[in-house]
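Numbering (our numbering), first residue to last: 315 to 603. Every residue gets a Cβ at the ideal spot worked out from N, C-alpha and C, and that includes glycine.
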Ligand SMILES: *[C@@H]1O[C@H](CO)[C@@H](O)[C@H](O)[C@H]1NC(C)=O
């Protein structure tokens, strides 16, 4: 190789190196607490978010990303968690923001949590889908993953996809691919809407409430402004999320998705014709998977 070519290769490796994310970085390496310092804790690979009558708590990643996989194991608030919401989501900042959500709506003892999902593009949300978990999410840690690539967003629970939002930008449907997003987690009082639509309030005699997180992994492309847009979407091996295997779910995975959707889906905005006056959002007429 000529010296110039070697330089070029060196430059290329250097330029894409930010895409190689430290998979073994701990929770404390990649995130920091933003709210409720007095009772939340972030140590090594463990994050505990706490809610009492004084305050909830929250953490976020130190940097924003564009595409990749964001996973954490989460053990939700046990017993009477009615009125509490634990959130795990990606969001950009500013006007016309993008957002990809997992929210866990607590319930009275023995009643099921709701796994609430949503996606905002250019500031527009109203794309809720909700599921009952097929396990007790407070008994053990379970893996919750947001997979976000140029073709689709997939929400996974213990490696089972529960929802897909595909990129239909070619037909004018906005898709989040221009703004970096940070990963946020929080636990707060949402008893004005969360449980049975706000009917069941928080029982503070059970406070403090704690949600536990561990093994956070952001295998994702660090976002450093507009220059990252092409870099993070480039079809190069370090950008594993651009590989064709991640363009669409395979048959076996689709079967799992359909199993969840036929047994545990409890609300789908794409079925809510009343809410949208008979004119559903355009992606509802497109094949999502
Ligand atoms: C709580 O339990 C009630 C009764 O089983 C159920 O209707 C509701 O969907 C559950 N979840 C929430 C978050 O309200």
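- Item | Integer-rounded CB distance, given that residue 398 should sit under 8 angstroms from residue 523 | In the chain shown, the residue the question calls residue 523 occupies position 209. In the chain shown, the residue the question calls residue 398 occupies position 84. Confirmed, Cβ separation roughly 5 angstroms.
- Query: Any heavy atom of ligand 1 closer than 7 angstroms to the CB of residue 426?
  - Reply: Start at 1 with the first residue of the chain shown, and residue 426 comes out as number 112. At a cut-off of 7 angstroms, the beta-carbon of residue 426 counts as near ligand 1: some heavy atom of the ligand is closer than that.
- Task: In the DSSP assignment, find the unbroken alpha helix (DSSP H) run with residue 570 in it and report its ends.
- Result: The sequence position of residue 570 within the chain shown is 256, counting from 1. 565-578 is the span of the alpha helix (DSSP H), which, as asked, contains residue 570.
- In the structure shown, what three-state DSSP assignment does residue 442 receive? Sequence index remark: in the chain shown, residue 442 carries index 128 (1-based). It is coil, neither helix nor strand.
- Report yes if the C-beta of residue 510 is less than 7 angstroms from at least one heavy atom of ligand 1; otherwise report no. What you label residue 510 is simply residue 196 of the chain shown in a count that begins at 1. Yes - ligand 1 has a heavy atom lying nearer than 7 angstroms to the Cβ of residue 510.
- Task: State yes or no: is the C-beta of residue 394 nearer than 7 angstroms to some heavy atom of ligand 1?
- Result: As a first step, residue 394 must be located in the chain shown, where it is residue number 80. No, Cβ of residue 394 sits at least 7 angstroms from all heavy atoms of ligand 1.
- residue 336 to residue 533 span [Cα, whole Å]: As a first step, residue 336 is located in the chain shown; it is residue number 22 there, counting from the start. As a first step, residue 533 is located in the chain shown; it is residue number 219 there, counting from the start. Interpretation of residue 336 is limited by its pLDDT of 49, a score under 50 that renders its predicted location unreliable; the figure taken from the coordinates is listed afterwards. Their Cα atoms are separated by approximately 7 angstroms.
- Item | Of the listed residues 355, 531, 432, nearest to residue 584 (C-alpha basis) | As a first step, residue 584 is located in the chain shown; it is residue number 270 there, counting from the start. The shortest C-alpha separation from residue 584 is found at 432.
- Tell me where the alpha helix (DSSP H) around residue 487 begins and ends. Looking up residue 487 in the chain shown gives position 173. Careful: residue 487 lies outside any alpha helix (DSSP H) and carries neither H nor E.
- Task: Label residue 518 either buried or exposed according to how many other C-beta atoms from any shown protein chain fall within 10 Å of its C-beta, with 16 as the threshold for buried.
- Result: Here residue 518 refers to the residue found at position 204 of the chain shown. Here residue 518 is exposed: its Cβ has fewer than 16 other Cβ atoms, across all protein chains shown, within 10 Å.
- Message: Quick test of your reading: residue 303 and residue 471, contact by CB under 8 angstroms. State the CB separation rounded to the nearest angstrom.
- Response: The requested residue 303 is not part of the displayed model; the chain covers only 315 to 603.
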